[in-house]
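Colleague: Got a structure for you, questions after.
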Amino acid sequence: MHPTRTLAAAFALLTLSASAQTTAPVARVFHPAPPLPSYDVATIKPAVNVTNSSGMTLTRGAPIRQYIRDAYAPTLARLALAQVIGGPDWIDKDQFSIDGKPPADLEVAMKKMKTEDQTVQQHMMQQSLLAERFHLKVHFEVREMPVYVLVPAKSGLKIKAVDAPAPRDPNSPPPPLPPPGPNTPVPPGMMVMMMSATGARTVRAGATTMTNLVRMVSGQGDIGDRPVIDQTGFTGNFNIDNLTWASLGSANSSDSPDLPSLGTALEETLGIKLVATKGPVEVVVIDSIDHPTEN
């Protein structure tokens, strides 16, 4: 081959490789290869309001966009609603209560699985239900979107590695929640959030992971609807002692004037900086969806 052509081909290959690296999604969607398991029985009903023992009225159900978000979320992670693109207006307005029962053999098998493996099975059955009962059709793309990344603060990480918790028997009940209090030990593998009437949030955890921290941070109103990405490089287990902040809307409240924001609390307590940026994010694009078929 001519040397100039060889150089041009090598340059083209490098360009393609660099492009592939820059477009690799930092946040992914769960889309396993078919065939997927299905619920043996599933009921879909309009959402209903339920009043609990304290007199608070709760809605049992959710818009279908949220159900799609949950069905395509990676294991032990949270998908942002912004990662579910398109669809008619009713998927954000109409709320449904959905219950599904796995086939008997799969239900028995799931009881012996780890929590993450049970979640995979549930998400696959949810995807099947959406396809069968709502006739949902989707495709996947990678788009540049606003994200948050967790990185070490300039002063370095303040967390220390601890032993991982012992594997839990899937058939045994989880350990009881520890009584509230700043000095009460939290069992390994458990994360507890305490909320005050003034808007303060306190998180404590024993032998947790960055995956669990990312999931907790992703669920806070302070984050908005952005994916949260771990880029700390820390892969072990660690404890969290009283990570406290004023939740969104109460940071300037006279009831809690001295409490930091979530980002400041992460940096001061854990040595982790929360950085707003943009990155390539995998999304679920809705091609078509119908109102659910009858039960």
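So for the sequence shown, the working numbering puts the first residue at 55; every next one is plus one. Heads up, the beta-carbon is just placed ideally off N, CA and C, and yes, glycines get one too.
Per the contact definition of three or more C-beta pairs closer than 8 Å, is the stretch 209-223 in contact with the stretch 133-145?
Modeller: Not touching, per the Cβ criterion.
Colleague: For the beta strand (DSSP E) containing Ser151, name the first residue and the last one.
Modeller: On the sequence shown, residue 151 is found 97 positions in, with the first residue counted as 1. Its beta strand (DSSP E) spans residues Gln149 to Lys155.
Colleague: Would you kindly work out how many angstroms separate the C-alpha atoms of His193 and Arg187, rounded to a whole number?
Modeller: For the purposes of this step, residue 193 is taken as the residue at position 139 of the sequence shown. For the purposes of this step, residue 187 is taken as the residue at position 133 of the sequence shown. Cα to Cα, His193 sits roughly 18 Å from Arg187.
Colleague: Taking only three categories from DSSP, how would you classify Val95?
Modeller: Sequence index remark: in the sequence shown, residue 95 carries index 41 (1-based). Strand.
Colleague: Using 10 angstroms around the beta-carbon of Leu329, count the other beta-carbons present and answer buried if the total reaches 16, otherwise exposed.
Modeller: Walking along the sequence shown from the start, residue 329 turns up at place 275. One detail in the question is off: residue 329 reads as Val in this sequence, not Leu. Exposed: under 16 other Cβ atoms inside 10 Å.
Colleague: Less than 7 Å separating the Cβ of Ile139 from some heavy atom of the ligand MN?
Modeller: For the ligand MN, the structure offers nothing, since it holds no ligand at all.
Colleague: Locate the alpha helix (DSSP H) running through Ala319, then write down its first and last residues.
Modeller: Taking the sequence shown and counting its residues from 1, one reaches residue 319 at position 265. It spans Leu316 to Ala319 - the alpha helix (DSSP H) in which Ala319 sits, taken as one unbroken run.
Colleague: Is it true that the CB of Arg269 sits closer than 8 Å to the CB of Leu295?
Modeller: Against the sequence shown, residue 295 aligns to sequence position 241. Against the sequence shown, residue 269 aligns to sequence position 215. Here the sequence assigns Asp to residue 295, which means Leu is not the residue at that position. No, Cβ-Cβ distance for Asp295 and Arg269 is not below 8 Å.
Colleague: Under 8 Å between the Cβ atoms of Leu135 and Ala127?
Modeller: In the sequence shown, counting from the first residue as 1, residue 135 sits at position 81. In the sequence shown, counting from the first residue as 1, residue 127 sits at position 73. For Leu135 and Ala127, no; Cβs fall outside 8 Å.
Colleague: Spatial neighbours of Gly325 within its chain, please: CB distance less than 8 Å, with the 5 preceding and 5 following residues excluded, ordered by chain position.
Modeller: The sequence position of residue 325 within the sequence shown is 271, counting from 1. Around Gly325: Pro206, Ala207, Ser209, Gly210, Leu211, Lys212 and Ile213.
Colleague: From this set, Val95, Val138, Arg82 and Leu267, which residue's C-alpha is nearest Phe288's C-alpha?
Modeller: Sequence index remark: in the sequence shown, residue 288 carries index 234 (1-based). Among Val95, Val138, Arg82 and Leu267, the Cα nearest to that of Phe288 is on Leu267.
Colleague: Please name the residue, chosen from Gln274, Pro241 and Ala261, that lies closest to Arg255 on a Cα-to-Cα basis.
Modeller: On the sequence shown, residue 255 is found 201 positions in, with the first residue counted as 1. Nearest option by C-alpha distance: Gln274.
Colleague: Quick check on DSSP: helix, strand or coil for Ala305?
Modeller: The residue labelled residue 305 in the question sits at position 251 within the sequence shown. Reliability fails at Ala305, whose pLDDT of 44 lies under 50, so the model's placement of it is uncertain and the value that follows must be treated cautiously. If DSSP states are grouped into helix, strand and coil, Ala305 belongs with coil.
Colleague: Go ahead and pull the three-state DSSP assignment for Thr347.
Modeller: The sequence position of residue 347 within the sequence shown is 293, counting from 1. Three-state result, Thr347: coil.
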